[in-house]
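Heads up: the sequence shown begins at 1 in the UniProt record's numbering, then just goes up one per residue. Have a look at the structure below, then the notes.
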Amino acid sequence: MRETLFKNNFWSTDLTSTAGYDSIIQHLNDGRKNCKEYEDFLKERAIIEEKYGKELINLSRKKPCGQTELNTLKKALEVFKQRIDSVGQSHIQLAQSFREEARKMEDFREKQKLHRKKIELIMEAIHKNRNLQYKKTVESKRLYEQRCRDKDEAEQAVHRSANLVTQKQQEKLFMKLAQTKSTLEDSDRAYQQNVNMLEKIREEWKNEHIKACEFFETQECERISYFRNALWVHVNQLSQECVQSDEKYEEIRRSLEMCNIDKDIEFFVNYRKMGNMPPAPVVYENYYNTSRNATPVRNQAPPPGIGRRGPLPIPTSGPSDPDYATVDGYSLVHH
């Protein structure tokens, strides 16, 4: 069994001192404050996670990301955006989990405060009663000691005036001595009663102090254990989020492994191809050579798709014939 128990280490030799008790209460208040700080930390972290999750979702849904890609890379990008959206959703769920943990911490903290308040009220009452009785005892002791001095002075006066005063004066001295003895007996009795009462209260306070120390120590052990476990749960939640996110990222990696460069190139060619013949070279044409060879060129066969009437007929008249310039009834020269 360990020796460092609250009930063995928070005493004071001063009966009216509450230094040990106050030290425990201060430590418990600090612990409660620490729980509140962690509770606030979780709430702030939840805000961050929720904001991050919403931003991820907005990014994946609204921001274009390779929207004109084709075939296997397009499928991989679709998986990519879907999984990023899922990661955003998981961060929002994580924020909700943090808020739930913060609520549990608040409930635990308030529950401990409520239970502790009962003990504190008992201890406050017994401290007040103890201190009042201690003051009464100290006052009765002071009065008792004063009565003892009064009695001693009365006795000395009687002895000093035994042969120096009249009979009547001596009787007065004896009456005063008797009175001081009676008063002394009363004060002595009151003093003893107050001492006895104080001892009962002291014993009661001592027992209640031990009970309070045991209760407070149990509470502190529970608080440390709960706080430790809360941190453990928080870190596990963060680890689980990382694992889940990595699983989603692994799905993205698997979809990227399915991306085939050759297939995407082939798909694009088949989807958008225009033709397999390049344009003919552009040939230099001399203007004068082209003019001299104009007639022979006209006799050449036209390119495909041009001229539906076929080649021109050969004229039937000679150069000296008036109808030389007439072809099939059409006159090319007018006289």
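C-beta: ideal position from N, C-alpha, C; glycine also. Just so you know, these numbers come straight off a predicted model, no measurement behind them.
The three-state secondary structure of Ala-280, taken from DSSP, is coil.
By the 16-neighbour rule on beta-carbons within 10 angstroms, Ile-201 is buried.
The residues Asn-71 and Thr-72, in chain order, have a CB closer than 8 angstroms to that of Lys-263 in the same chain once the five nearest residues on each side in sequence are set aside. DSSP, read as helix, strand or coil, puts Asp-40 in helix. Membership of Glu-78 in the alpha helix (DSSP H) is indicated by the continuous run 71–160. For Met-258, the three-state secondary structure derived from DSSP is coil. When the alpha-carbon of Val-233 is set against those of Leu-94, Arg-272 and Glu-120, the nearest one is in Leu-94. Cβ atoms of Gly-88 and Lys-54 come within 8 angstroms of each other, at about 7 angstroms. Comparing C-alpha distances from Arg-142 to each of Asn-196, Lys-36 and Ala-190 shows the shortest one belongs to Ala-190. Nearest to Ser-182 by alpha-carbon distance, out of Arg-147, Glu-101, Asn-194 and Arg-254, is Arg-147. When DSSP states are grouped into helix, strand and coil, Asp-14 belongs to the coil group.
Setting aside the 5 residues that flank it on each side, Asn-131 is surrounded in the same chain by Thr-16, each with a C-beta closer than 7 angstroms to its C-beta; the list follows chain order. In the three-state reduction of the DSSP assignment, Gln-26 falls in the helix class, which pools H, G and I.
Per DSSP, Lys-7 is one residue of the alpha helix (DSSP H) stretching across 6–9. For Lys-7, the closest alpha carbon among the candidates Lys-211, Lys-135 and Pro-278 is that of Lys-211. A direct Cα-to-Cα measurement between Ser-90 and Gln-26 gives close to 41 angstroms. Inclusion of Arg-99 and Lys-43 in the CB contact set at 9 angstroms is warranted, their separation being smaller than that value. For Tyr-287, the number of other beta carbons within 10 angstroms of its own is below 16, and it is reported as exposed.
Counting the other Cβ atoms within 10 Å of the Cβ of Tyr-144 gives 16 or more, which makes it buried.
Taking the Cα of Ala-46 as reference, the smallest distance to any Cα among Ser-23, Asn-207 and Arg-103 is reached at Arg-103.
Here DSSP, grouped into helix, strand and coil, assigns Lys-176 to helix.
DSSP places Gln-67 in the coil class of the three-state scheme, outside both helix and strand. Residue environment: Leu-121 is assigned as exposed (fewer than 16 neighbouring CB atoms within 10 Å of its CB, all protein chains considered). Assignment of Glu-171 by DSSP, reduced to helix, strand and coil, places it in the helix class.
When the five nearest sequence neighbours on each side are left out, the beta carbons in the same chain lying within less than 7 angstroms of the beta carbon of Glu-106 are those of Glu-39, in order along the chain. Closest in C-alpha terms to Met-175, from the list Glu-110, Ser-225, Lys-273 and Ala-154, comes Ala-154.
Around the C-beta of Phe-80, 16 or more other C-beta atoms lie within 10 Å, and the residue is accordingly described as buried. Residue burial annotation: Phe-268 is exposed, with fewer than 16 other C-beta atoms found within 10 angstroms of its C-beta.
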